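Q:
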Amino acid sequence: MILKGVFRARVKRDSIANILLAVIFTGSLVTLMTFILVRDVTIYDGEESFRLHTFSHRVEDALKEAGIELNARDEVQPSLDSELPRVCHITITRSYPVYLKVDGQLVEYRSTGETAGEILQKCGIKLSEQDLLNRSPDEPVEPGGRILVTRIFTRQVTEEVVLSYRTVIKENGSMDRGISRIVQPGRNGLKEDLIEITYKDGLEREKTVLNSRIVSPRQDKVVEQGTNTLLAARGGITLRFSRAMYVTATAYCSGVEGTGCPIDEKGCSACTGKNNNGYTSLGIKAVAGTGERSSPHIIAVDPRIIPLGSEVYIEKYGFALAADVGSNVKNNRIDILMSTHQQALNFGRRKLKIYLL
22 MILKGVFRAR
32 VKRDSIANIL
42 LAVIFTGSLV
52 TLMTFILVRD
62 VTIYDGEESF
72 RLHTFSHRVE
82 DALKEAGIEL
92 NARDEVQPSL
102 DSELPRVCHI
112 TITRSYPVYL
122 KVDGQLVEYR
132 STGETAGEIL
142 QKCGIKLSEQ
152 DLLNRSPDEP
162 VEPGGRILVT
172 RIFTRQVTEE
182 VVLSYRTVIK
192 ENGSMDRGIS
202 RIVQPGRNGL
212 KEDLIEITYK
222 DGLEREKTVL
232 NSRIVSPRQD
242 KVVEQGTNTL
252 LAARGGITLR
262 FSRAMYVTAT
272 AYCSGVEGTG
282 CPIDEKGCSA
292 CTGKNNNGYT
302 SLGIKAVAGT
312 GERSSPHIIA
322 VDPRIIPLGS
332 EVYIEKYGFA
342 LAADVGSNVK
352 NNRIDILMST
362 HQQALNFGRR
372 KLKIYLL
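The sequence shown begins at 22 in the numbering used here and counts up by one.
1) So the candidates are SER116, PRO164, THR301 and ARG187; which of them puts its Cα closest to the Cα of GLY276?
2) Measure the beta-carbon distance from ARG172 to ASP222 and round it to whole angstroms, keeping in mind my assumption that it falls under 8 Å.
3) How would you label HIS362, buried or exposed, when you count the other beta carbons within 10 angstroms and need 16 or more for buried?
4) Would you kindly work out how many angstroms separate the C-alpha atoms of LYS306 and ARG354, rounded to a whole number?
5) Residue range of the alpha helix (DSSP H) that ASP82 falls in?
6) Identify which residue in PHE76, GLY88, SER77 and ARG60 has its Cα closest to the Cα of ASP66.
7) Can you tell me whether LEU329 is helix, strand or coil according to DSSP?
8) Can you list, in chain order, the residues of its chain whose CB lies under 6 Å from that of GLU96, leaving out five sequence neighbours each side?
9) Cβ of GLN126 less than 7 Å from any chain D Cβ?
10) Can you give me the C-alpha to C-alpha distance between SER315 and SER237, rounded to a whole angstrom?
11) Is ALA365 helix, strand or coil by DSSP?
12) Span of the alpha helix (DSSP H) holding GLN126?
13) Taking ILE375 and VAL333 to be in contact with their CB atoms under 8 Å, please state how far apart those CB atoms are, rounded to whole angstroms.
14) Since ILE168 and ASN155 should fall inside the 8 Å C-beta cutoff, what is the C-beta to C-beta distance between them, to a whole number of angstroms?
15) Does PRO164 pass the burial test, meaning 16 or more other C-beta atoms within 10 Å, or should it be called exposed?
16) Let me confirm a value: CYS144 is counted as buried when at least 16 other C-beta atoms fall within 10 Å, else exposed. Which label applies?
17) How big is the Cα-Cα spacing for THR112 and VAL119?
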């Protein structure tokens with residue numbers, strides 16, 4: 022009986038020892054497996070860093086487990102699809118916005134410190150030799166910075182330019198002042214200009230004449246103007262005048278009774294209308310003169326051309342006084358007062374030279 026009890030106690034001790042050995046073995050195995058499977062990861066995100074123990078096998082999974090969100094074009098080293106070694110350092114380089122203006126469009130680009138040239142290359146933007154860039158292509162672009170591309174395009178065109186003729190005035194002492202004549206008519210010329218037009222972002226900004234060729238020369242208009250102010254009048258006298266001019270002359274009568282001028286039913290005469298009171302616009306008696314200085318002809322004038330009250334000398338007819346106006350007397354036209362309506366009709370229409378004294 023004693024031997025049987027001893028045997029049972031020994032069996033019980035052996036069982037406990039085996040259980041303890043199994044627990045120790047399992048614990049060691051778990052520890053070993055944990056040591057083998059767990060990744061020790063240190064994450065560097067800008068100026069921040071923190072440590073992570075994870076069973077994840079890829080960089081992307083470790084970052085998700087750490088609750089880290091990535092923005093577009095953030096750079097991660099190693100890459101997101103890389104396998105995690107047992108001990109790993111992950112570095113995140115955060116991107117920031119820069120702005121690119123090209124071809125009329127403003128585009129946001131997320132940069133991680135690239136130069137202007139690198140950004141243009143990654144965006145597939147090519148520059149010609151003439152295009153302008155607002156910064157050096159080797160210069161890194163700061164957060165919020167702008168890259169401005171100005172497209173430059175030039176083309177050459179041929180343009181015809183009219184060469185307007187000039188008027189050249191020459192004085193002629195043998196001609197009376199106020200009288201002029203065309204010695205040589207003017208003629209416009211023509212030239213061809215080869216022009217380079219510069220466009221900036223599609224808008225014309227500059228024109229440069231590269232070459233010019235005269236197709237036909239211009240011919241200046243040459244006009245002689247009189248300067249003489251002395252007139253040898255009839256009777257052997259010499260008169261000084263301010264200017265001479267050619268006029269179209271007609272004649273009229275005063276329209277009063279005895280002139281033979283037709284009168285309508287309203288009492289208006291054919292020559293002076295309702296103003297047939299026997300007086301001129303200056304209020305002097307409408308009596309035909311003889312052409313002497315003491316008895317000048319009375320003429321109706323356009324006051325814009327010949328001021329009322331002006332003393333005038335009419336070639337071949339003598340002195341005259343601008344004392345009247347008429348509704349049909351405009352510009353270079355005068356009306357000479359005659360004694361009768363028939364004399365006015367007989368005078369007709371004539372071209373005369375007059376002098377303003």
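Glycine included, each C-beta is placed from N, C-alpha and C at the ideal position. Just so we're clear, the structure is a prediction, and the values are computed from it rather than from any experiment.
A: Working from what's here:
1) Translated into the one-based positions of the sequence shown, residue 276 becomes position 255. Taking only the C-alpha atoms, the option nearest GLY276 is THR301.
2) Looking up residue 172 in the sequence shown gives position 151. Looking up residue 222 in the sequence shown gives position 201. Right, the Cβ-Cβ distance comes to about 5 Å (below 8 Å), so this counts as a contact.
3) Here residue 362 refers to the residue found at position 341 when the sequence shown is read from its first residue. It is buried - the Cβ of HIS362 has at least 16 other Cβ atoms within 10 Å.
4) Taking the first residue of the sequence shown as position 1, residue 306 is located at position 285. Taking the first residue of the sequence shown as position 1, residue 354 is located at position 333. Computed Cα separation, rounded: 22 Å.
5) Taking the sequence shown and counting its residues from 1, one reaches residue 82 at position 61. First-last of the alpha helix (DSSP H) with ASP82: 80 to 86.
6) For the purposes of this step, residue 66 is identified with residue 45 of the sequence shown, where counting begins at 1. Of the listed residues, the one whose Cα sits closest to ASP66 is GLY88.
7) Taking the sequence shown and counting its residues from 1, one reaches residue 329 at position 308. LEU329: coil per DSSP, three-state reduction.
8) Indexing the sequence shown from 1 puts residue 96 at position 75. THR114 and THR133, listed in sequence order.
9) The chain labelled as chain D is not found in the depicted structure, where only one protein chain is given.
10) Counting from one through the sequence shown, the residue named residue 315 turns up at place 294. Counting from one through the sequence shown, the residue named residue 237 turns up at place 216. Their backbone Cα atoms lie some 59 Å apart in a straight line.
11) Numbered from its first residue, the sequence shown carries residue 365 at position 344. Looking at ALA365 - three-state DSSP - the assignment turns out to be helix.
12) On the sequence shown, position 105 is the one that residue 126 refers to. Run containing GLN126: none in the alpha helix (DSSP H); it sits in the beta strand (DSSP E), 126 to 132.
13) Your numbering for residue 375 matches position 354 in the sequence shown. Your numbering for residue 333 matches position 312 in the sequence shown. Indeed, because the Cβ distance is near 5 Å, the residues count as touching under 8 Å.
14) In the sequence shown, residue 168 corresponds to position 147, counting from 1. In the sequence shown, residue 155 corresponds to position 134, counting from 1. Sure, about 7 Å apart at Cβ, within 8 Å.
15) The residue labelled residue 164 in the question sits at position 143 within the sequence shown. Label assigned to PRO164: exposed.
16) Residue numbering aside, residue 144 sits at position 123 when the sequence shown is read from its first letter. CYS144 should be labelled exposed.
17) Position 91 of the sequence shown, counted from the start, is the residue given in the question as residue 112. Position 98 of the sequence shown, counted from the start, is the residue given in the question as residue 119. Each residue's Cα considered, the two are about 22 Å apart.
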